[in-house]
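**Q** Can you read through this structure? Questions will come right after.
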């Protein structure tokens, strides 16, 4: 974050000298005007403040007559006193978690266990990609005896985070600014300050680029299968994808549809082998190495055209519905995070989600994770929170109680 431009109007008084010592202590540069020697400047300050006040600072379009040390350093983007901000009506937390998918909820829980005050915020309901999963059974200790939906797991995660004291809020984050030792998170629900921020914004759904997809969206084509099962009853359904989400969708649909065919873009499924085994056991037919070329129909979807690797001719399947589950794609970074290094659109980071900016961490599917499983993203959020404890302990500020 660039240091603010500072103009100081001084008069050689002890107060002016004390202000200079503060600036020097924090290695700040400034332009100085002596109102005791410059008649025009003296007259200007008198008119501005109603008296020959000094020192007066002009920083980032703000006038600060006789500021306290905390006010001066805040305006100069150097250091903030958390208790001072709170006393002036600003909402402050030790940690703000942006994004409430599995990684974000785990980070909220982990940060609270470390004694931090925590705000978690997301423009959607807590749960992220969990909300699109029909059954969750690959997470250790969950769903092994009876099916449990992703939405139910998400609710359990959110309730657990609230139980330990995290504040969860619905709202869109528009900007994240690094302001000296604190971070300013600007949202549709107001502005919030934090000693540290964990970015866990997840990934978006990868889109299918084939002719006609946009035309038939919600007219037979959907992204994700977590909808009313009745709409698939006795229908011919095609699922496009090769990962866990696609297998979950195919298994779920096999209990309701007339038949389910999985068109897998890769030469082998990338889903967990157990899920592939279950899909086949539920009479899901899997075609490998498939490229969907186009979808056609009348008012609603009727046909899916595709090519199979090694076969030059285009093939066609009749279909009443198609579910696209191609897995994650990187999101566009929130304003203020564009400078974070990225790998293929995902945030690159050090151990525990550490970034190049002190107190700014990243976790979950928005990062360059090697394994994008539920256990993987939850572990990412939990580890991130624990590393944050250590960082905050080595960068002490007055801690919120």
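In our numbering, the protein residues as written are 656 to 1056. Positions of the beta carbon are idealized from the N, C-alpha and C atoms, including for glycine. This one's a predicted model, so the numbers in the text were calculated from it and none came from an experiment.
Is it true that the CB of residue 693 sits closer than 8 Å to the CB of residue 666?
**A** Taking the first residue of the chain shown as position 1, residue 666 is located at position 11. Taking the first residue of the chain shown as position 1, residue 693 is located at position 38. No; because the gap between Cβ atoms is not below 8 Å, this pair is not in contact.
**Q** Determine the direct distance from the alpha carbon of residue 837 to that of residue 934, and round the result to whole angstroms.
**A** As a first step, residue 934 must be located in the chain shown, where it is residue number 279. As a first step, residue 837 must be located in the chain shown, where it is residue number 182. Each residue's alpha carbon lies about 49 Å from the other.
**Q** Measuring straight from C-alpha to C-alpha, what distance separates residue 991 and residue 731?
**A** As a working note, residue 991 is residue 336 in the chain shown. As a working note, residue 731 is residue 76 in the chain shown. Roughly 18 Å between the two C-alpha positions.
**Q** Tell me whether residue 673 is buried or exposed, calling it buried when 16 or more other Cβ atoms sit within 10 Å of its Cβ.
**A** Along the chain shown, read from residue 1 onward, the residue named residue 673 stands at position 18. By the neighbour-count rule (16 or more Cβ atoms within 10 Å), residue 673 is not buried but exposed.
**Q** How about residue 821 and residue 767: do their beta carbons lie closer than 8 Å?
**A** Translated into positions along the chain shown, residue 821 becomes position 166. Translated into positions along the chain shown, residue 767 becomes position 112. Contact: yes.
**Q** With DSSP run on the structure shown, which of helix, strand or coil describes residue 1007?
**A** Sequence index remark: in the chain shown, residue 1007 carries index 352 (1-based). Assignment of residue 1007 by DSSP, reduced to helix, strand and coil, places it in the helix class.
**Q** At which residue ranges does the stretch 859-912 contain complete alpha helix (DSSP H) runs of 4 or more residues, listed in the order of the chain?
**A** 899-909
**Q** On the three-state DSSP scale, how would you describe residue 834?
**A** As a working note, residue 834 is residue 179 in the chain shown. Residue 834: strand per DSSP, three-state reduction.
**Q** Excluding the 5 residues flanking residue 719 on each side, which residues of the same chain have their C-beta closer than 8 Å to its C-beta?
**A** Working through the chain shown from its first residue, we reach residue 719 at position 64. So the list reads 711, 712, 713, 726, 727 and 730, once near-sequence residues are dropped.
**Q** Which residues mark the beginning and the end of the beta strand (DSSP E) in which residue 775 is found?
**A** Counted from its first residue, the chain shown places residue 775 at position 120. Segment 773-777, the beta strand (DSSP E) holding residue 775.
**Q** Short of 6 Å in beta carbon distance, which residues of its chain neighbour residue 860, apart from the five on each side in sequence? Order them along the chain.
**A** As a working mapping, residue 860 is identified with position 205 in the chain shown. Result list for residue 860: 878, in chain order.
**Q** As an exercise, report each continuous alpha helix (DSSP H) stretch of at least 4 residues that is fully enclosed by the stretch 793-853, in chain order.
**A** 805-818
**Q** Report the rounded CA-to-CA distance for residue 846 versus residue 746, giving the unit in angstroms.
**A** Sequence index remark: in the chain shown, residue 846 carries index 191 (1-based). Sequence index remark: in the chain shown, residue 746 carries index 91 (1-based). Residue 846 and residue 746: Cα-Cα distance of roughly 7 Å.
**Q** Roughly how many angstroms separate the alpha carbons of residue 703 and residue 685, rounded to a whole number?
**A** Position 48 of the chain shown holds residue 703. Position 30 of the chain shown holds residue 685. Pairing residue 703 with residue 685, the inter-Cα distance amounts to about 20 Å.
**Q** Once you ignore the five residues that flank residue 896 on each side, which residues in its own chain have a CB closer than 6 Å to its CB?
**A** Taking the first residue of the chain shown as 1, we reach residue 896 at position 241. Taken in chain order, the residues that qualify are 980 and 981.
**Q** Nearest by alpha-carbon distance to residue 962: which of 749, 945 and 938 is it?
**A** Counting from one through the chain shown, the residue named residue 962 turns up at place 307. Selected option, being the one with the closest Cα: 945.
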